[in-house]
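Comments concern the structure below.
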Amino acid sequence: MTRRYLKKFFCSYHKLQSYQETVMNALSRRLISEMNVQGMPLRTPYFSPHTRAPSSSLPFGVRTCALRPAEHDDQRRVIARGCGSSGAGPAKVCGMAHDATLLVLLLLIQDSAVSAHADRRFSTMESRCRDQPCSPPIGNLVSGRKIATLTQCRSNRLHSRQTCSFLSDTTTNRTTGRCLAHCERCKARVHGPWAMTDSPFHRPWTWWQSQTGAKHEALRLDLGKPFVFTHMVAIFRSSRPAVMVLERSADGGRSWQTYKFFAPNCLQEFGLPDDVEEIGAPCTSRYSDPEPCTQGEVIYRAMMPTNHFENPYSDTAQKLLVVTNLRLRVLRPQPLLHCLQKKGCQDPLPFSHVSLYDLMFFGTCLCNGHAQRCIPAPGEDYHIMVHGRCECKHYTTGDHCQMCKSLYNDRPWQPANGKTEEVNACQACQCHNHASLCHFDPAVWRASQNRSGGVCDGCRDNTQGQHCHRCRPGFHRDPTQPLSSIHVCKPCSCHPLGSLSSGDKGSTCDPITGNCFCKLGVGGRDCHQCLIGYWGFGLSGCRPCHCPNSCDSNTGFCTSGTQTHGNTTWLDVPIGGAVPGLSHHRPPQTEEWDEVQGFSAALYPGNCVCKEMKLGSREEFCSKKYTYVIRVQVLSAHDLGSHVEVIIRVKKILKRTHLKLARGKATLFPESWTHRGCTCPVLNPGTQYLVAGHEDVHRRRLIVDLQSYVRPWRRRRAKLITSFLSGGCK
C-alpha cells in the first residue's frame, strides 16, 4: 500500500461524507465477508470513541481531492481522480486492490460517520445491549502500548553501519537508469520500536528498523490482560521477510501456540500444506514474495471462513481468539537479489535488515458478550488505547464480565450466546430486601431442578434462611407486615419462668405463629399460667392437681363447677364447635410462611377422661387399617377455633403409607375434644405416646379421632404392635 496516496483519499472531509454511504456499503460487505465476523452488526463501530483520532484533522499538506464510487459494488474499489496508474504500487492503491488499504479505509470512513452521529450511536448501542449479546468496538491493540523487539539499529560509532532501502516500489530512474536505493546511517532515537505503534495517519513515515545483519527477529506485544484478537496488519519498509510465524499466548507468555506460518514453500520449510492450495491450512505463501521491495503488507485474520463459529462466545472460539501476548517472529529475511536486479543496483549493498512502518494488532477487550465499551481500570489514564476492562451490563461484573454481581447469583454465570441471541443475564437472588450479598450453591441448584441456586448471605432484620424468609430463634413473624419489611420479625414475648429456653438464645417461640414452647403443665400463648388441672406456676412449670375435677392454680385446693383460671373463664365447648366469645380471625397468608397462624388456647387439663381405643387381638388391630403408627412426644397444642392442632416431635416411625414422615417436628389434628377443653384421645404436653391413626392424603394431615389408638409409650406395647405389623397386618 502506497501511503502517500492514502493521504489523498482523505484530503477533503466534506466531500468524503457525501460519498461515505455508497463506499461503506461496498467496502463493508467485502471486509465482513472476508473476516467472517459473527454477531458484529455493521452499526457497531470498529473504533471506540477513545481510540479514534479527531475526524476533523487531516494529514499535513493535504488540500483537495475528489472521490467517486465504483460503478458496481462488487468491484469493491474506490477510484481516485488524478491518481497515477503507471507502476504496480500506485495502480494498486488507486484501485484499492490491497486488503490493508480496504481495511484502513473502512475503519476511517466508518469512524468519520460515527463522529458525526455519536449521540445516536451510543443510544443505539445501549438499547442493543439491553436484550441481546453485545461486544465492544474493535480497535488497534498496539495503540498506547509498547512492542518489544530483539534488536534495533544503533547510531553510535562502534555499532552503527550504513543501511540502504527503497523509498518506493518504482523501477530505476527512467532518465539515468541509476539505482534508486537510499542509504544512510540508522538513527536509533528516531527508528525505535515505538515508531511502529504511532498513528499510521498522523505520522505515516516513521518506522522501526532492526540491527543490521540480524538473522532472527521477534516483535512481541504484551497486553497484560486477556483480549479478543481479530486480525493483524503489518506494513514493511523493507522487503517482507521470507519466513515468519505469528504466535499467540493466553497465559502471559509461558506457552505459545501458532496462528500462522509464512513461507514461500510451506512444504519445504515446515512440512505443512499451503492455504493457497488447501483452504484453512496453517501455512501460507501469500506474503512471502520478494516483491514489493517496500511497502509490502502481511495480513492475518483470526476469524477466517474456515474458523466458522456460530457462537463467538463459546469455549472453542475463546480458545482461538483470547490472547494475553502476540508475537511475530522473523525466521529468515528476504534475499535481496531480485530487488537489486530490478532496481538496477550493484550488489552488494548493505540492505540486511528488517524495518516496518506499522504493526497493527486489532481486537477488543474480553467481555463475554456482556458489554459494549472498554474502559480504563481504576488509576489508569483515559489514554488513546483499547483498555482491558469492560463496562459490564446484564448484571455482571469483573474486568471481563466473568461473574455475577453480589446480589445476582440465583443462576450460574454464563457468557452470552451469539448463536441463539440469548443474553444469559445474571438473576437476582430472592432475599426480600434483607441482604446485600448472595452466593450460588450448586447443591441447592440441583435440588430445585435447576430453577434457583442463590443463597442469601448476612440476612438482616432478624431473618435467616436461604431467602431471608424465616425469623431467627427468639423472633416470630408479624403477619401484619410484608415479608420485605424491616419489622417483619418480632421478638418472642415468652414468660421466662413458664417457657422452655434455648441456651444463651433465651426463650424461643414458633417462628410462624409466635406461640411459645411451654414447660410441663404451663399454657397460654406466652406460657404465663398453669393449664387447667395444674397448679404452682414456677421454675419447674406447674404440678398436676390431685382432684376429681380441677384445683386452684395458686394453692392446689380442689374446685368444682365452672372455673375461672386467672383472668380466663373456661366454658363448655361442644364437640367440633368453637370457643364462645373468642375471635378466630386468620391473618393474610403468604407462600413464604406456613399456613397455620392464630392464637394458642393450649387447654390440656391433666384430669381429662375420654373413651379410648384399646389394644385387642392382632385381627382387631389390623381391621382398623391404620395408615401410620408412630412414637411421639407432645410439645404443645393450639386452638384454631374449629379444631385443635397438636405440635409433636416424631421420635420413631413404625409404619407410614402415603405421607412422607420423618423424625422431627410435626402436627397432629384431633377431630374432636371434650366439653372440658381436652383433646380426645388425651394428648398431654411433655408426654410420649404411641399413636396409630389415619392420614388425610388430600390435606396432607395426620388425623387423630376416636378410632385412633393413642396410649402412653411403653416398650412392651410397641414390641407387640411391631409384631402385628410384621405379621401381615396391612
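Just so you know, we're using UniProt numbering here: the sequence shown kicks off at 1 and counts up by one.
Just so it is clear, CB atoms sit at the ideal spot from N, CA and C, and this is done for glycine as well.
- Between L221 and F361 a beta carbon distance of about 6 Å is seen, short of the 8 Å cut, so the two are scored as contacting.
- Less than 7 Å separates the beta-carbon of R701 from that of F669.
- For E391, the enclosing beta strand (DSSP E) begins and ends at 389-392.
- With respect to the 7 Å criterion, H439 and N409 are classified as neighbours on the basis of their beta carbons.
- One Cα belongs to R332, the other to R446, and the distance between them is close to 58 Å.
- Using a C-beta cut-off of 8 Å, the segment 192-205 makes contact with the segment 140-148, since at least three inter-stretch Cβ pairs fall below that distance.
- Nearest to Q529 by C-alpha distance, out of P544, G498, P335, is G498.
- Beta-carbon to beta-carbon, Y628 and E695 are separated by about 6 Å, close enough to satisfy the 8 Å threshold.
- For C374, the uninterrupted beta strand (DSSP E) run begins and ends at 371-375, by DSSP.
- If only complete runs of 3 or more residues are kept, the UniProt domain "NTR" (608-729) shows the beta strand (DSSP E) at 628-639, 644-655, 664-670, 688-696, 701-704, 709-712, in order along the chain.
- Looking at the DSSP output, L497 bridges to nothing.
- Under the three-state reduction of DSSP, L320 is assigned to helix.
- Between P415 and Y313, the beta carbon gap of about 4 Å places them in contact (Cβ cut-off 8 Å).
- In the structure shown, the three-state DSSP call for V330 is strand.
- Counting along the chain, the unbroken alpha helix (DSSP H) around C266 starts and ends at 266-270.
- Secondary structure note for R446: its alpha helix (DSSP H) is the uninterrupted segment 442-447.
- The three-state reading of DSSP puts A195 in helix, counting H, G and I together.
- Selection V697, I648, E278, C516 evaluated against L690 yields I648 as nearest (Cα-Cα).
- Checking the DSSP bridge columns, you'll see H439 partnered with V455.
- A residue is called buried once 16 or more other Cβ atoms fall within 10 Å of its Cβ, and C186 is buried on that count.
- In the same chain as E391, and ignoring 5 residues on each side of it, the C-beta atoms closer than 7 Å to its own belong to A371, R373, I375, in chain order.
- Excluding its 5 nearest sequence neighbours in each direction, C429 has C-beta neighbours in its own chain below 8 Å: L407, Y408, N409, D410, A435, C438, G454, V455, C456, H467, listed in chain order.
- Around E217, the same chain offers T149, L150, T151, S210, V330, V354 as residues with beta carbons nearer than 7 Å, after the five sequence neighbours per side are excluded.
- R327 is the residue among P292, D198, R327 whose C-alpha sits nearest the C-alpha of G253.
- Under the DSSP assignment, K260 falls in the beta strand (DSSP E) whose first and last residues are 257-262.
- One Cα belongs to R477, the other to K419, and the distance between them is close to 48 Å.
- Note that the segment 505-523 touches the segment 629-638; at least 3 beta-carbon pairs, one per stretch, sit closer than 8 Å.
- Contact check for G686 and S708: beta-carbon distance about 20 Å, past the 8 Å limit, so the pair fails to qualify.
- The C-beta distance from A250 to P226 rounds to 7 Å, short enough to fall under 8 Å.
- Distance from the CA of K665 to the CA of D510, rounded to the nearest whole angstrom, comes to 11 Å.
- Closest in C-alpha terms to R714, from the list G465, C729, C680, L615, comes L615.
- Pairing T480 with L706, the inter-Cα distance amounts to about 37 Å.
- A direct Cα-to-Cα measurement between C459 and Y395 gives close to 21 Å.
- The beta carbon of P200 sits closer than 6 Å to the beta carbons of D358 from its chain, once the five residues preceding and following it are set aside; these are given in chain order.
- Between R237 and T294, the C-beta gap is smaller than 7 Å, which places the two residues in contact.
- Rounded to the nearest angstrom, the gap between the Cα atoms of A718 and L725 is 11 Å.
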